[in-house]
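Take a look at the structure:
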């Protein structure tokens, strides 16, 4: 069976049962009707980004609107754990690449934080375009759940204040003092937070403050990695660890 075209339906519009009709509007409807030229009676896949997806039949379609009837609905339980990345803010075109990889490699979330060596000011709230990147990546890879997306103010104090939400916290540090390699086993169970510095790395005072707060320093190997490479490395280890445990 050929892979079905997939579209995102907001959670508050999700149907209660098969036979219900939903209305898709906005960019997703334009993608369905204008770009992919979907026709009446075709079957497509919809997902809500919170663990639900299903098969739908197109009942009516126009350029900016599509009415779809739910045929088969499924709901998947939320994972018990997962990896969240806290990444030092920086102005970078590679951020879009990172957002895609977080979805494809099944990351639980990403938090951007204002570091001493950050380039530019951290936005007060996540941008809508970031979540749109999540959606596009999920459509491509078949994910049913979108990662959590956030920003935290207050520098390392903001990170320390949220440490209690996680089972283990790590500091991915490029300094020689970090001698313990980050491994799949460290990331395979529970809610895990890994803090990554901005393009210029951690200020020593930031690293000391996080270590004092219980963040365990780990190394990602002998190379000094760009922040998005470090993030993908951590995500890959976590995905490998989860598969190995299952």
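Residue numbers (UniProt numbering): 1 to 246. Heads up, the beta-carbon is just placed ideally off N, CA and C, and yes, glycines get one too.
For residue 240, the CB contacts under 7 Å within the same chain, skipping 5 residues up- and downstream, are 184 in chain order. Sorting 144, 3 and 231 by C-alpha distance to the C-alpha of residue 95 places 231 at the top.
In the three-state reduction of the DSSP assignment, residue 76 falls in the coil class. The DSSP assignment places 52-61, 65-75, 82-88 and 109-113 as complete runs of the beta strand (DSSP E) inside the region 50-128, in order along the chain (cut-off: 3 residues).
Under the three-state reduction of DSSP output, residue 132 falls in the helix class. Taken through DSSP and simplified to helix, strand or coil, residue 46 comes out as strand. One thing to note: residue 109 has its Cβ within 7 Å of the Cβ of residue 148. Residue pairing from DSSP places residue 193 in a beta bridge opposite 84 and 169.
Under a 10 Å Cβ-count criterion, residue 76 is classified as exposed, with fewer than 16 other Cβ atoms of the shown protein chains found around its own Cβ.
Counting of Cβ neighbours within 10 angstroms places residue 60 among the exposed residues, the total staying below 16. When the five nearest sequence neighbours on each side are left out, the beta carbons in the same chain lying within less than 7 Å of the beta carbon of residue 174 are those of 201 and 224, in order along the chain. Note: residue 8 is bridge-paired with 47 in the DSSP secondary-structure output. DSSP, read as helix, strand or coil, puts residue 226 in coil. Between residue 65 and residue 25, the gap from beta carbon to beta carbon is short of 7 Å. DSSP, read as helix, strand or coil, puts residue 148 in strand. From the listed residues 187, 150, 142 and 204, the smallest Cα separation to residue 51 is found for 142. DSSP links residue 23 through a beta bridge to 67. Beta-bridge pairing by DSSP links residue 216 to 170. Linking residue 237 to residue 78 through their CA atoms gives a straight-line distance of about 20 Å.
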